[in-house]
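Letter by letter, the sequence shown follows residues 55 to 496 in the working numbering. Using N, Cα and C, we set each Cβ at its ideal position, and we do this for glycine too. Predicted model only: the values in this text are computed from it and were never measured.
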Amino acid sequence: MADLLATSARFIDNDIYEGAGLVNRPTTELSEVADGVALIEAFSHVVAFRTGDGLVLFDTSLEAFAGGVMKSLRKWSDEPVAHVCYTHGHADHVGGTGAILCEACEKGHPRPRITGHENVSPRFRRYELTNGYNFTINARQFAPATELRIGGEGNKDGRPPVRRFGPDPWVDPDVTFRDAMEFRSGDLRFELRHAIGETDDHLWAWVPEHKAICSGDFVTWVFPNAGNPQKVQRFPLEWAKALREMAAKEPELLLPAHGLPIAGKDRIAGVLDTIASALEFLVSRSLDMMNGGARLDDLIHGVKLPAHYMDKPYLKPVYDEPEFIIHNIWRLYGGWYDGNPSRLKPAPDAVVAAEIARLAGGVAKLCQRAEELAATAKEEDMRLACHLVEAAALAEPENRDAHMARANVYGARRRAELSLMSKGIFGWAERESAQKAGRNDA
């Protein structure tokens, strides 16, 4: 069993980062991090409290991890699960609930009470309305970097697989609240607080007897998921406010839904302050430029987070990244118009691309220049290369040479990126064109 608290202390105290594999390990291994407090590493983690009057769980992980989670949990305690608290309604936090309910039924235990914010159920209904869209964007975001399953895999009777995002069915909370609520289980009191950040239905919890915070996705040991180009609005300034409210409790144990648990009042305070400060910096600088009349393009290329934030082992841009958060800041405060009048009511992309190709002297010229730029491996050249090769493929969508160039350029861009979101989108484009070009590795 890994000593998770010792590992997090070593990383934080020495500003050491040894890769995501040691920070986020979806192994379903259980570690007791305090007397009667356990963390099961999965995607997401499950945090368990032994209360003497049943177990209290925070989150239930993905449906695909539920079996391993329950096996580890039962090696640690045979107490029935009395309460399940959803930190928020993302599939990786609620997908395993069905397995917990099945176990209770099989063993004749009372049905666990499921608690969440009042916006959790509306989120589930929205996911049902947009199942196909969410399946597609999550496949794009996570594949091929991981084999994690995000939902149903199909039918056992030979019919085509079901393209489903999330568990079937989504298990709604039994008890909801708006701003705050408390409950007791055995000797422990659980104070739940609503805050918006990654989602509008998020909660964090204070467990005073353990001086512990269950932070959900407010702390994830990657740069905050406050940008995410394919998902709905995030709230970076409110996220920072929630972190500062957690710090005001002076916790001695912090239990995140992703990443390593952290022990020590000063160490936790430093982590919470640093993450909050990074988000506040991005919001402040972006709003300064917006208030001065800048366009979104000016913000994207003009707001740069100081390097000392990115050096922290718990702020690496391996999932989301600061540039994407700037987009969300603009969308939150400024709407969808980016300040460029040509994009208010634009011509179709393919029409613009065809005109660019004609002016350049043909699609072949665009492809040649795009691959020349990509070969320099400079970030500014790679950005321009993508514009040119995308225009080439849009101008002549059946041109195999254009798609070969597009696959090559986006492949180079994918390899140069750090964040999973960037790699996912660029990799998707690479594979799309590689198939059209007949590339053998597509």
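Does DSSP put G170 in a helix, a strand or coil? Assignment of G170 by DSSP, reduced to helix, strand and coil, places it in the strand class.
Please state whether the Cβ-Cβ distance between F272 and P371 is less than 8 Å. no
Measuring alpha carbon to alpha carbon, tell me which of W260, G270, R238 and G240 ends up nearest I250. Comparing C-alpha distances from I250 to each of W260, G270, R238 and G240 shows the shortest one belongs to G270.
Excluding the 5 residues preceding and the 5 following V77 in the sequence, name in chain order all residues of the same chain whose CB lies nearer than 7 Å to its CB. W275, G313 and L314
Within 10 Å of its beta-carbon, does N382 have 16 or more other beta-carbons around it, so buried, or fewer, so exposed? Buried, since its Cβ has 16 or more Cβ neighbours within 10 Å.
Reduced DSSP category for G208 - H, G, I as helix; E, B as strand; rest coil: Residue placement at G208 cannot be trusted, given a pLDDT of 48 that sits under 50; the coordinates are not used to answer.
Do L291 and E334 count as a contact pair if the criterion is CB distance below 8 Å? yes
Over what stretch of residues does the alpha helix (DSSP H) that includes T328 continue unbroken? K319 to N345
Complete beta strand (DSSP E) runs within the region 246-312 (minimum length 3 residues, chain order): Taking 3 residues as the minimum length, the beta strand (DSSP E) runs contained wholly in the region 246-312 are 257-261, 266-270 and 307-310, in order along the chain.
Through-space distance from M344 to F480, alpha-carbon basis: 29 Å
Do you know how far the Cα of L111 is from the Cα of G465? Approximately 42 Å, taken between the alpha carbons.
So, for S340: in the same chain, excluding its five sequence neighbours on each side, which residues have a beta-carbon less than 6 Å away from its beta-carbon? L353, V357, I380 and I383
Between the Cα of E444 and those of A483, K432 and C159, spot the shortest distance and give me the residue it belongs to. A483
Rounded C-beta distance between A294 and A330? I'm assuming under 8 Å. About 4 Å separates the two Cβ atoms, so the contact holds.
Please determine if the region 121-130 and the region 90-100 are in contact, where contact requires at least 3 C-beta pairs separated by less than 8 Å. yes
Taking Cβ to Cβ, would you say N282 is nearer than 8 Å to F378? yes
Quick check: what's the CA-CA separation for G318 versus A348? 43 Å
Out of A447, L448, A418 and V463, which has the shortest C-alpha to C-alpha gap to L438? Closest in C-alpha terms to L438, from the list A447, L448, A418 and V463, comes V463.
Buried or exposed: where does Y373 fall if 16 or more other Cβ atoms within 10 Å of its Cβ makes it buried? Buried is the call here.
Count Cβ pairs between the region 98-112 and the region 129-143 that sit closer than 8 Å; are there 3 or more? yes
Helix or strand or just coil, what does DSSP make of I154? helix
With F178 and D226 assumed to form a contact (beta carbons below 8 Å), what rounded beta-carbon distance in angstroms separates them? 6 Å
Alpha carbon to alpha carbon, what distance is there between C440 and H248? Taking the Cα positions, H248 is about 41 Å away from C440.
Among F244, D146, T169 and P176, which one has its Cα closest to the Cα of L192? The sequence shown places Asn at residue 192, rather than the Leu named in the question. Residue D146 is the option with its Cα nearest to N192.
Measuring only the C-alpha atoms, how far is L398 from Y391? 6 Å
The beta strand (DSSP E) spanning T230 covers which residue range? V229 to F231
Whole-Å CB distance - Y363 paired with A332, under 8 Å assumed: Going by Cβ atoms, the distance from Y363 to A332 rounds to 4 Å, so yes, they are a contact pair.
Within a Cβ cutoff of 6 Å, which residues of the same chain sit near C156, ignoring the five residues on either side of it in sequence? none
Endpoints, the beta strand (DSSP E) within which L93 is located: V91 to I94
Report buried or exposed for K490, applying the criterion of at least 16 other Cβ atoms within 10 angstroms of its Cβ. buried
Euclidean distance between Cα positions of T200 and G73: Low per-residue confidence applies at T200: pLDDT is 46, beneath 50, and the placement is therefore not dependable, though the value from the model is reported in the following sentence. Taking the Cα positions, T200 is about 15 Å away from G73.
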